[in-house]
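All residue numbers for the sequence shown refer to our numbering, where the first residue is 332 and numbers rise by one.
Built from N, CA and C at the ideal position, the CB exists for glycine as well.
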Amino acid sequence: MSKNIVFINNGTEETWQNVDCIRTNGAGVKTLDWLPEDETSVVTLTVTENGTYTAEGASVYGFGSVVANIPAQITGTINNVQYVVTVDANGYLVYTPVA
332 MSKNIVFINN
342 GTEETWQNVD
352 CIRTNGAGVK
362 TLDWLPEDET
372 SVVTLTVTEN
382 GTYTAEGASV
392 YGFGSVVANI
402 PAQITGTINN
412 VQYVVTVDAN
422 GYLVYTPVA
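This is the structure:
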């Protein structure tokens with residue numbers, strides 16, 4: 332959905348009609364696209380597995396926040412006993428023998 336945009340350019344008011352997006356030069360990036368807030372969909376993303384998640388893949392404009400709830404776990408052997416090592420809610424390592 333396009334919008335009518337009013338700019339002040341060197342003290343002169345300009346009205347652009349049916350604007351879908353405004354593209355400007357960005358710092359450290361080539362360009363930035365500006366879209367009306369009412370035409371963007373920003374959601375909270377909660378992930379439980381390692382991976383790469385994109386807004387495009389979620390069919391949204393962006394992520395307002397990301398909650399990562401990924402259990403840290405590793406398997407290792409101590410004195411010939413295999414363990415699964417995790418981290419508890421207090422940040423302590425928990426060693427669970429593998430049956």
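Please determine, among the options, the residue with the shortest C-alpha to C-alpha distance to residue i.
i: residue 388; options: 373, 400 and 401; result: 373
i: residue 420; options: 334, 401 and 342; result: 401
i: residue 363; options: 369, 414, 371 and 353; result: 353
i: residue 380; options: 386, 358 and 404; result: 404
Given a cut-off of 8 Å on the beta-carbon distance, is the pair residue i and residue j in contact?
i: residue 416; j: residue 407; result: yes
i: residue 337; j: residue 343; result: no
i: residue 412; j: residue 428; result: yes
Which of the three DSSP states, helix, strand or coil, is assigned to residue i?
i: residue 369; result: helix
i: residue 393; result: strand
i: residue 429; result: coil
i: residue 409; result: strand
The ligand ADP and residue i: does any heavy atom of the ligand fall closer than 7 Å to the residue's C-beta?
i: residue 405; result: The model on display carries no ligand, and the ligand ADP is accordingly not part of it.
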